[in-house]
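Encoded as structure tokens, the structure appears first; notes follow it.
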């Protein structure tokens, strides 16, 4: 009987405050994503070199497409790997 | 119709320094003879490739920014594909923002050199 009693916490469970995501391009006023600069593009790739989704990076749709195009061009020129492990 | 273009190409690392210069000059002259104007020429030198191309792990990167008649681009690309020293090349058309960015970057490097 006691099991189905709800567990009561002393302090309310600390869910991490949802950090308001923002599009870094709009904020910084960047207009063009350069495909020749792999260091900057790496911020949008995960460890395996895959492009991070918008819900993680928070970029707007317009700039997510520009980033994706830039990453694919950089991959073609071997500035960025197609797939790797432990990049960064 | 003259447009702004930018080509990044990778030369095989096997070449010696003068051969590299000669290869880049060849494309530059090709452009100037056909009514193109070279705005900027950047050489990043030998760089490690992210993945091996034709069993080579490093390449000589060079960036050419230029304005040329649209019709000439097709010929230029066949020239790149025919030249076996070039491992890989990518030609992009510069739109308004891209051109602005390239200009800013060019003046920036000029300021550094000055």
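Residue numbers (my numbering), protein chains in the order written: chain A, 28 to 115; chain B, 548 to 661.
Glycine included, every Cβ here is placed at the ideal spot set by N, Cα and C.
For clarity, every value in this text was computed on a predicted model and none was experimentally measured.
- DSSP, read as helix, strand or coil, puts residue 608/B in strand.
- DSSP places residue 35/A in the coil class of the three-state scheme, outside both helix and strand.
- Residue contact with chain A for residue 592/B: absent (no Cβ-Cβ distance below 9 Å to any residue of chain A).
- The contact set of residue 570/B on chain A, defined by CB atoms closer than 7 Å, is empty, because the minimum CB distance reaches about 17 Å.
- C-alpha of residue 55/A to C-alpha of residue 566/B: approximately 42 Å in a straight line.
- Each residue's CA atom was taken as its position, placing residue 50/A and residue 58/A some 12 Å apart.
- According to the DSSP assignment, residue 86/A belongs to no beta strand (DSSP E), since it is labelled neither H nor E.
- Here the C-alpha atom of residue 79/A lies approximately 42 Å from the C-alpha atom of residue 582/B.
- Distances from the alpha-carbon of residue 576/B to those of 626/B, 607/B, 551/B, 601/B put 626/B closest.
- Chain-order list of chain A residues neighbouring residue 598/B: 105, 108, 109, by C-beta distance under 7 Å.
- In the structure shown, residue 631/B falls within a coil segment according to DSSP collapsed to helix, strand and coil.
- Contact between the stretch 614-629 of chain B and the stretch 33-45 of chain A is absent: fewer than three C-beta pairs spanning the two stretches fall below 8 Å.
- The Cβ-Cβ distance between residue 68/A and residue 110/A does not fall below 9 Å.
- In the structure shown, the three-state DSSP call for residue 614/B is strand.
- Per DSSP, residue 80/A lies in no beta strand (DSSP E) and is assigned neither H nor E.
- The three-state secondary structure of residue 599/B, taken from DSSP, is strand.
- Note: residue 550/B is bridge-paired with 615/B in the DSSP secondary-structure output.
- Counting along the chain, the unbroken alpha helix (DSSP H) around residue 571/B starts and ends at 564-580.
- Taking the Cα positions, residue 85/A is about 5 Å away from residue 48/A.
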